[in-house]
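A quick write-up on the structure given underneath.
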Amino acid sequence: MTMFLLGAVYVALVVILLAVGMQGITVAIIAGGLAALNLFASDKLALAAMGGRVVTPQEAPQLHAMIERLCVQADLPKPRVAVANTSMPNAFALGRSPKSATVCATTGIMDLLSPSELEGVMAHELTHVANRDVMVMTLASFFATIAAYIVQFGFFFGGGASSDDDDGPSFIVLLLVSLAVYVVSFFLMQALSRYREFAADRGSALITGRPSALASALVKISSGMHRIPQKDLRAASELNAFFIFPAGVGKGLGELFATHPPMEKRIERLQRLESQLQGAVAA
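For the record, in the sequence shown the residue sitting at position 157 is 139 according to my numbering, with numbers rising by one throughout.
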């Protein structure tokens, strides 16, 4: 439903672009270039931003062995394995496809969690890889990027150099519609981001067979976040959409603005999955 609504919003934007005579191709080319950059370079940029580096099996034997075991269970090619040297307990997955993926764990999360809890977290990240989440979110944000650039640089791209009176009203309409598209797209993409976290939680539970391990990990990560200095959390918050648990979430923000579902709802779903799995085993 979210993808359908995004599509409807984007169709409306294209219709308005054509109706007002906007040279949308210019904006589309620029936004397309940025989308391609995001798709092909975001993993390297995000990994560098977190201070992460790819490690060999000799450098992180236990983490590599865990990833290999989970990949066999999930029928996935083994991704690159990275470690970020930071006390913030977190993990994330990067890459546009399973063959180009990287999964990263921080030293903070490896010190905080038990092996079974860490396994649940890494299975969550591998589910993101299997679902091609980076690709999905990049494609979903394409027209929102166009709308944002029309709003920010509209006077450069819209209406050309003409100052005819007839151009003024249509250009104002274009800016207002583009702003509306960006706002609606923002909320829809946040909803899509929250859904993919639920999907990754479920994938982790099915891969490991232990939803309770991931639920326990989420509780520990949440508690561990409170011990991290706020300046460090704010510095990392730009990458919230990648993390298993968001950093530096403002208490006043509503659920509509969040990239992740509330922890309580995630744990509730995991507990239901635990009951279902136990019931299936008992049967």
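Don't be surprised by glycine CBs; every beta carbon is placed ideally from N, CA and C.
Taking a cut-off of 8 angstroms on C-beta distances, the region 110 to 121 does not touch the region 194 to 201, as fewer than three cross pairs fall below it. About 19 angstroms separates the CB atoms of N72 and A181; that is not less than 8 angstroms, and the two are not in contact.
With distances taken between CA atoms, R209 lies nearest to I91 out of I91, A28, R51. The criterion of a C-beta distance shorter than 8 angstroms is satisfied by G34 and C86. For A64, the secondary structure class from DSSP, reduced to helix, strand or coil, is strand. Separation of S96 and A229 (C-alpha to C-alpha, rounded to the nearest whole angstrom) is 21 angstroms.
With a contact defined as Cβ atoms closer than 8 angstroms, V36 and R78 miss out at about 17 angstroms.
Considering only P211, N67, I189, the residue with the shortest C-alpha distance to M48 is I189. Following the DSSP letters along the chain, one finds R35 inside the beta strand (DSSP E) bounded by residues 34 to 36.
The beta carbon of L(-13) is closer than 7 angstroms to those of L170 in its chain, skipping five residues each way along the sequence. Here N67 is exposed: its Cβ has fewer than 16 other Cβ atoms, across all protein chains shown, within 10 Å. Note: C86 is bridge-paired with A64, F74 in the DSSP secondary-structure output. Between A31 and L221, the C-beta spacing is below 8 angstroms.
Uninterrupted alpha helix (DSSP H) stretches at least 4 residues long and entirely within the region 172 to 207 occur at 193 to 207, given in chain order.
Residue burial annotation: R176 is buried, with at least 16 other C-beta atoms found within 10 angstroms of its C-beta.
Distance from L52 to E99 at the Cβ level is roughly 13 angstroms; contact not present, criterion being Cβ atoms closer than 8 angstroms. For H242, no alpha helix (DSSP H) run applies, since DSSP gives it neither H nor E. Annotated three-state conformation of F22 is helix, per DSSP.
With respect to the 8 angstroms criterion, F224 and F74 are classified as neighbours on the basis of their beta carbons.
Less than 8 angstroms separates the beta-carbon of L255 from that of R184. Taking all protein chains shown into account, D25 has 16 or more neighbouring C-beta atoms within 10 Å of its C-beta and is therefore buried.
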